Amino acid sequence: MEEQVVEVTGLSRSFAQKQALEGVSFRATAGQVYGLVGSNGAGKTTLLKHLLGLLRAATGTVRVFGLDPVRDPVGVLGRIGYLSEERELPEWMSVDELMRYTQAWHPSWDAAYARELLETFGLDSSKKIKDLSKGMRAQAGLIAAVAHRPELLILDEPSSGLDAVVRRDILDAVVRAVADDGRTVIFSSHLLDEVERMSDHVTLMHQGRVALSGVLDDVRRDYQRSRVHFAQHFDQPPVLETALLMDGGGRAWSVVHSGSAEQFRRAVLARGGEIVESRDATLEEIFLARAGRSRPQAEAA
Amino acid sequence: MDITIHLNDGVPIYRQILNQVKYLVASGLLQPGEELPPIRTLALQLKVTPNTIVKAYGELEASGVIHKRRGSGTFVSDTRPQLALRQRRRVIEQRIDALLAEAHQLNFTDDDILRMVRERRAAMDESGAEPADDKKEVKR
């Protein structure tokens with residue numbers, strides 16, 4: 043079995059005038075959960091489509107299970123379960139027909155597991171896909187993606203637009219994929235809380251590039267959020283070395299910073315401030331710091 | 012097993028789990044020989060990646076708090092955890108530092124804090140060792 047389930051190196055791609063991906067590298071090891079975050083248009087779906095062989099690499103290489111998904115679709119796609127963002131499913135099929143259709147492509151289809159999920163979700167398998175509600179479509183798509191117990195599960199915005207019950211179904215499926223069979227999951231999401239809970243690794247994409255990528259706990263430790271109190275009142279956020287994002291006003295500010303903690307501490311002291319509290323940044327804070335719109339900072343006096 | 016995850020704590024999830032299990036064992040709410048939930052069950056319950064549970068259980072095992080019985084699950088160990096004094100001090104010191112900073116921010120003196128520690132301990136002993144909720148307001 044290949045060591046790396048996914049290996050993307052230096053991947054670049056443009057559509058019309060737009061650079062959708064630039065120099066993207068991404069690795070996935072078996073048995074881990076990879077969370078992919080970024081604004082709309084950051085390149086998440088484009089990256090995932092390359093893994094599925096739906097797009098061919100213009101520059102760089104894409105390997106899934108050690109194979110090129112474009113040149114070897116049979117070797118790759120049969121081992122992947124995919125839930126697209128738009129829940130692309132054959133509208134005219136019934137849920138039952140979808141199950142049988144998917145099963146035909148995947149010899150590892152577990153009919154008992156599929157039945158169990160249908161029952162748990164309360165899905166009427168005779169219903170046509172086009173007559174399903176949004177939540178039910180996601181459930182049907184999820185069953186089709188997971189019931190053949192794929193080595194690699196790729197979920198593009200699986201929770202978007204879904205209620206808490208269906209979202210939990212999806213998270214459960216992810217947990218079971220990893221816990222039961224040591225399989226690999228890559229999922230993109232805007233729900234950063236979910237990404238924090240469910241990811242072992244996180245990759246933040248911004249404007250076609252990888253802004254950061256690493257073990258989630260390590261990434262969070264690299265970014266600190268500190269509460270700072272200043273002696274003087276500031277209308278605009280004061281410039282502080284290593285600070286990436288500042289929120290607050292007057293004398294009390296909340297700062298997300300990265301790099302040397304000592305350098306930050308000295309910068310705060312130099313501006314007449316005191317660090318009240320520091321903790322690892324949340325994923326949301328890191329996201330805003332690296333991919334958000336910045337607030338103009340006050341120059342040093 | 013009653014465990015709660017807070018995402019904005021600044022504490023990695025695996026460490027929150029680890030600390031809470033240690034607390035449950037130290038307070039007797041988890042007895043020696045009692046079985047811990049399997050990794051998959053706890054991951055589903057807490058809605059976290061199973062590898063987080065693996066990491067937490069791994070460290071608990073390394074520090075002797077729990078042990079795996081061949082093929083049949085994970086159990087609380089009979090012996091007390093063998094953490095070095097320095098490590099145990101560090102855990103508590105971190106919490107004290109955070110407490111002092113917050114207290115300073117909320118205008119409590121060190122004497123206030125010491126007094127409140129004794130009051131909370133007395134209340135705990137009285138009510139039968141219910142762990143205090145971190146988020147509860149401390150009335151002045």
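Residue numbers (the working numbering), protein chains in the order written: chain A, 43 to 343; chain B, 12 to 151. C-beta: ideal position from N, C-alpha, C; glycine also. Because the structure is a prediction, the values reported are computed rather than measured.
- The C-beta of P43/B has fewer than 16 other C-beta atoms within 10 Å across all chains shown, which makes the residue exposed.
- Neighbours of S241/A in chain B, taken as residues whose beta carbon is under 8 Å from its own, are T60 in chain order.
- V47/A is a Cβ neighbour of L194/A, given a cutoff of 8 Å.
- For the region 32-65 of chain B, the beta-carbon criterion of a distance under 7 Å to any beta-carbon of chain A is satisfied by I50, R51, A54, L55, K58, V59, T60, P61 and N62.
- Remark: C-beta atoms of G82/B and E46/B do not approach each other more closely than 8 Å.
- The alpha-carbon separation between V237/A and S231/A amounts to approximately 7 Å.
- Using beta-carbon distances, T324/A counts as an interface residue toward chain B, with a partner under 8 Å.
- Counting along the chain, no beta strand (DSSP E) covers M141/A; the unbroken alpha helix (DSSP H) around it starts and ends at V137 to W147.
- For H92/A, the secondary structure class from DSSP, reduced to helix, strand or coil, is helix.
- Counting C-beta pairs with one atom in each stretch, the region 290-306 of chain A and the region 255-270 of chain A have three or more that are closer than 8 Å, which means they touch.
- Counted as a single uninterrupted DSSP element, the beta strand (DSSP E) harbouring T71/A occupies residues K60 to T71.
- Proximity to L71/B across F119/B, Q31/B and V22/B peaks at Q31/B, based on C-alpha coordinates.
- Sequence-distant partners of H275/A (beyond 5 residues in either direction) whose C-beta falls short of 6 Å from its own C-beta, in its chain, are G292 and R293.
- A70/A places its beta carbon less than 8 Å from that of Y76/A.
- Taking 8 Å as the CB threshold, D173/A stays off the interface with chain B.
- CA-to-CA, the gap between I103/B and E316/A works out to about 23 Å.
- Taking a C-beta distance under 8 Å as the contact criterion, D235/A and L57/B do not qualify as a contact pair.
- At a cut-off of 8 Å between C-beta atoms, G21/B counts as an interface residue with respect to chain A.
- The three-state secondary structure of V48/A, taken from DSSP, is strand.
- A residue is called buried once 16 or more other Cβ atoms fall within 10 Å of its Cβ, and R307/A is buried on that count.
- By the rule that beta-carbons nearer than 8 Å mark a contact, A221/A touches chain B.
- Following the DSSP letters along the chain, one finds D20/B in no beta strand (DSSP E), marked with neither H nor E.
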